[in-house]
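Engineer: In terms of the UniProt record's numbering, the sequence shown opens at residue 1 and continues consecutively.
Shown below is the structure under consideration.
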Amino acid sequence: MEPVEINAGTWYLRALRADDRVTDVPALTEAGVPDALAHVRLRAARWSSDTGCSWAVAEPTTGEMLGEIALTGLGTDTPEITCWALGRARGRGMTSTALGAVLRFAAGGLGLERIRCGGSGPAAARLAARSGAPDLLIMD
């Protein structure tokens, strides 16, 4: 499948990139991803093999990556969604807005009915509730 861009209003969701025009390597490094370039390549491979979708959650005017939403395990009984945000991007509703947009895409565009939430605990439960689509999520 080709990567799908999602306009989530205040936030822009796009495929992860590491090229001469846009690179997400600095944001991934800041987030603690050990091999940022390999991470970008893995996400692209999952799009190509129809086993996963992932998005850089970006500031729409600059394209700067501030977080990531990943939907993995496509084609299995229990696809899973995970997300993270850089510390400086937290507290602005970015992750819940982006998560909601991706969950709606997963349901409407991919036909998924249930998705396992990759996080657990009170913070994950609050994020799921704020996403606007908590009924799609299976919480651990």
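All C-beta atoms in this analysis are idealised placements derived from N, C-alpha and C, irrespective of residue type, glycine included.
#1: Helix, strand or coil, according to DSSP, for methionine 65 in the structure here?
#2: With respect to the beta strand (DSSP E) encompassing threonine 82, which residues constitute its N-terminal and C-terminal limits?
#3: What residue range does the beta strand (DSSP E) around aspartate 131 cover?
#4: Look at the Cβ atom of leucine 71, then the Cβ atom of valine 102, and state whether they are nearer than 9 angstroms.
#5: Asparagine 7 to methionine 94, Cα distance in whole Å?
#6: Once you ignore the five residues that flank glutamate 30 on each side, which residues in its own chain have a CB closer than 8 angstroms to its CB?
#7: Contact defined as beta carbons within less than 8 angstroms: I believe glutamate 80 pairs with arginine 114. What is the distance between those atoms, to the nearest angstrom?
Structural biologist: Considering the structure as presented:
#1: Locating residue 65 in the sequence shown gives position 65, counting from the first residue. In this structure, methionine 65 counts as strand in the three-state DSSP scheme.
#2: The sequence position of residue 82 within the sequence shown is 82, counting from 1. In the DSSP annotation of this structure, the continuous segment of the beta strand (DSSP E) that includes threonine 82 starts and ends at 80-85.
#3: Within the sequence shown, residue 131 is the residue found at index 131, counting from 1. The displayed chain sequence assigns serine, not aspartate, to residue 131. Counting along the chain, serine 131 falls outside any beta strand (DSSP E), and DSSP gives it neither H nor E.
#4: Counting from one through the sequence shown, the residue named residue 71 turns up at place 71. Counting from one through the sequence shown, the residue named residue 102 turns up at place 102. Against a cut-off of 9 angstroms, the Cβ pair of valine 102 and leucine 71 comes out as a contact.
#5: Here residue 7 is taken as the residue at index 7 of the sequence shown, counted from 1. Here residue 94 is taken as the residue at index 94 of the sequence shown, counted from 1. So the two alpha carbons sit approximately 12 angstroms from each other.
#6: Numbered from 1 along the sequence shown, position 30 holds the residue referred to as residue 30. The answer, listed in chain order, is Leu86.
#7: Here residue 80 refers to the residue found at position 80 of the sequence shown. Here residue 114 refers to the residue found at position 114 of the sequence shown. So it is not a contact: roughly 11 angstroms between Cβ atoms.
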